[in-house]
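Under our numbering, read the sequence shown as residues 1190 to 1466, first letter to last.
To keep things clear, I will list the structure first and then write my remarks on it.
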Amino acid sequence: MRAPGRSLFCLTMLALALSACQRDTAAPAQPASGGDQPSADGVQPLVETPGELQDVVEMDSSFIIGISYPPEANKYPGLAAVLHAYAQAAREELMEAVGGATLQPGTMYDLSLSFTTLLDTPDMLAIAADGSSYTGGAHDNPLIERFVWLVPEQKLLTAEELVPGEEDWRVISAYVREQLHAALSQRIDADELPPDERSRLMRSAGKMIDEGSAPDVANYQQFEPVPGPGGKLSGLRFVFPPYQVGPYSDGVQTVEVPAAVLLPHVAPAYRGLFAQS
């Protein structure tokens, strides 16, 4: 039943990719998907089937929107509501830009957002949100978010609850920072830069790493569970969006922290999620 919608969404995602590469190519005006009538300003309202997340496709002469959800998210209404709220906030931000901007001829704003399942077990459902929003400027704005839903408790697992102590974050931060600096050194060495240029890049990029990986829980909000033996987790993968620990050109960066490093610092209520070494 969902195959036609999936096909249409794939076509839309192709159009999104083309619009990101060719901002001067105008897209033809098409009616937005769904059966509702457009509002007075010509913008189609975003409508979800009650109780179920559905993929979204909206197209106009000035914007294009594509949002996809994994079917697993519909198993838990609380999680589905959180995902929908995130997508709706991204859409509203785009539409505010569309309504308040004077677009140059041929310019298109776009929102591309894909929710994918990272882990689905009786204890946990982890969802990744990855995408971008273009509202003008030199490049897209990245959309990066991770959602870890605890099935028995029917709630999101947050970094604050997982590791509640400030001193604990210092240990985790030190590990993450070491890994990021090592990866930076490898990337720069691969470029075979002159010594002066290499030194300059190491200083500037190293400063971004130190600031973005500081032992502040706000820097570690995005994390993914790493599956391990016996249905337990072997660690967590912390996700850093562009600009947090490096320039936009470096893209999304991740650091996997093993359970052996994490466990002494995890709150007792959540230590059972991890494999014991």
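Here a beta-carbon is modelled for each residue, glycine too, at the ideal position from N, C-alpha and C.
Since the model is a prediction, treat every value here as computed from it, not as a measurement.
In this structure, DSSP gives residue 1284 a helical state, which the three-state scheme calls helix.
Taking residue 1459 as the centre and dropping the five residues before and after it, the same chain places the C-beta of 1346, 1350 and 1351 closer than 8 Å to its C-beta, in chain order. Relative to residue 1446, the option among 1358, 1329, 1300 and 1302 whose CA is nearest is 1358. One thing to note: residue 1398 has its Cβ no nearer than 9 Å to the Cβ of residue 1440. When rounded, the separation of the alpha-carbon atoms in residue 1268 and residue 1417 is 24 Å. Under the three-state reduction of DSSP, residue 1313 is assigned to strand. Annotated three-state conformation of residue 1368 is helix, per DSSP. In the structure shown, residue 1307 falls within a strand segment according to DSSP collapsed to helix, strand and coil. The C-alpha of residue 1381 is placed about 32 Å away from the C-alpha of residue 1412. By the Cβ-count criterion, residue 1366 is buried, with 16 or more other Cβ atoms from all chains shown falling within 10 Å of its own Cβ. In the DSSP secondary-structure assignment, residue 1443 is bridged to 1428.
Under the Cβ criterion (8 Å, minimum of three pairs), the region 1310-1325 counts as touching the region 1249-1269.
Secondary structure at residue 1353: coil, using DSSP grouped into helix, strand and coil.
Between residue 1302 and residue 1279, the gap from beta carbon to beta carbon is short of 9 Å. The C-beta of residue 1328 has fewer than 16 other C-beta atoms within 10 Å across all chains shown, which makes the residue exposed.
Secondary structure at residue 1325: coil, using DSSP grouped into helix, strand and coil. Taking the Cα positions, residue 1401 is about 21 Å away from residue 1321.
Close CB contacts of residue 1452 within its chain, under the 7 Å cut and outside five residues either way in sequence, are with 1460 and 1463 (chain order). The alpha-carbon separation between residue 1425 and residue 1299 amounts to approximately 32 Å.
Contact between residue 1348 and residue 1410 holds, since their C-beta atoms are separated by about 5 Å, short of 8 Å. Taking C-beta atoms under 8 Å as the contact rule, residue 1272 and residue 1308 fail to qualify, at a distance of about 15 Å. With 16 or more other Cβ atoms from the protein chains shown falling within 10 Å of its own Cβ, residue 1335 counts as buried.
Residue 1253 is bridged by DSSP to 1248 and 1299.
Shortest Cα-Cα distance from residue 1326 to any of 1306, 1339, 1297 and 1341 involves 1297. Under DSSP, residue 1344 takes part in a beta bridge, and its partners are 1339.
Annotated three-state conformation of residue 1406 is helix, per DSSP. Within a 10 Å sphere around the beta-carbon of residue 1465 sit fewer than 16 other beta-carbons, which makes this residue exposed.
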